[in-house]
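Residue numbers (the UniProt record's numbering): 1 to 193. Glycine included, each C-beta is placed from N, C-alpha and C at the ideal position.
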Ligand SMILES: Cc1cc2nc3c(=O)[nH]c(=O)nc-3n(C[C@H](O)[C@H](O)[C@H](O)COP(=O)(O)O)c2cc1C
């Protein structure tokens, strides 16, 4: 399977970095082709400029600016997002990736006034993430990152997409064993991906 990993964290010694390394290595060990996009390391520009916004619906012009990223998405059978939760959402660089790359005719198509999925090649959609918050507190707020990953992104993928959301909450209060257990869980999940 072609798995596109999209990763967002600036620090190499973070828990997210450990999870990212685990994700990539375990997927490779399982025999998958992994295309790893490390947004910080690539220096991805997340800003949708005035000109980008003006041309947003001009598919040809728009596509030309981010074509390599679109091609990488289109080659994928599976998409794995790996990131921490910041301000109950995606880190800005990942949010900007969606703003700039998930364009009309890429992530969604408009046909006869109806909107449909654009990334029907994606049959597995997985998130690996960590929160400072306890799970109950995130739930009280509606847990927006969970909903974005499991509901919003689901509708732009293949209608039969398998969605998985692996989250470690309350990371400032859990033991190192608990954190290591989560990393091991992710390793096993990726091995059977
Ligand atoms: C800028 C910033 C914003 C954050 N906002 C939230 C938040 O809204 N909700 C939450 O649960 N944790 C929040 N956190 C905590 C992070 O989720 C936590 O630091 C991260 O999951 C730990 O992973 P890391 O060690 O890989 O950075 C925030 C952290 C930072 C740095």
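Just the Cα atoms here: how many angstroms apart are residue i and residue j?
{"i": "residue 93", "j": "residue 150", "result": "20 Å"}
{"i": "residue 176", "j": "residue 131", "result": "15 Å"}
{"i": "residue 185", "j": "residue 116", "result": "34 Å"}
{"i": "residue 109", "j": "residue 157", "result": "12 Å"}
{"i": "residue 91", "j": "residue 39", "result": "11 Å"}
{"i": "residue 10", "j": "residue 45", "result": "14 Å"}
{"i": "residue 107", "j": "residue 153", "result": "9 Å"}
{"i": "residue 139", "j": "residue 23", "result": "26 Å"}
{"i": "residue 174", "j": "residue 65", "result": "43 Å"}
Count the other C-beta atoms from every protein chain shown that fall within 10 angstroms of the C-beta of residue i, then say buried if there are 16 or more, exposed otherwise.
{"i": "residue 61", "result": "exposed"}
{"i": "residue 188", "result": "exposed"}
{"i": "residue 100", "result": "buried"}
Pull the bridge partners of residue i from the DSSP assignment, please.
{"i": "residue 133", "result": "None; residue 133 has no bridge partner."}
{"i": "residue 33", "result": "2"}
{"i": "residue 223", "result": "In the structure as shown, the chain begins at 1 and stops at 193. Residue 223 is therefore absent and cannot be evaluated."}
{"i": "residue 78", "result": "3, 124"}
{"i": "residue 38", "result": "7"}
Please determine, among the options, the residue with the shortest C-alpha to C-alpha distance to residue i.
{"i": "residue 169", "options": "145, 152, 155", "result": "145"}
{"i": "residue 27", "options": "79, 142, 87, 155", "result": "79"}
{"i": "residue 126", "options": "38, 77, 67", "result": "77"}
{"i": "residue 81", "options": "45, 139, 5", "result": "5"}
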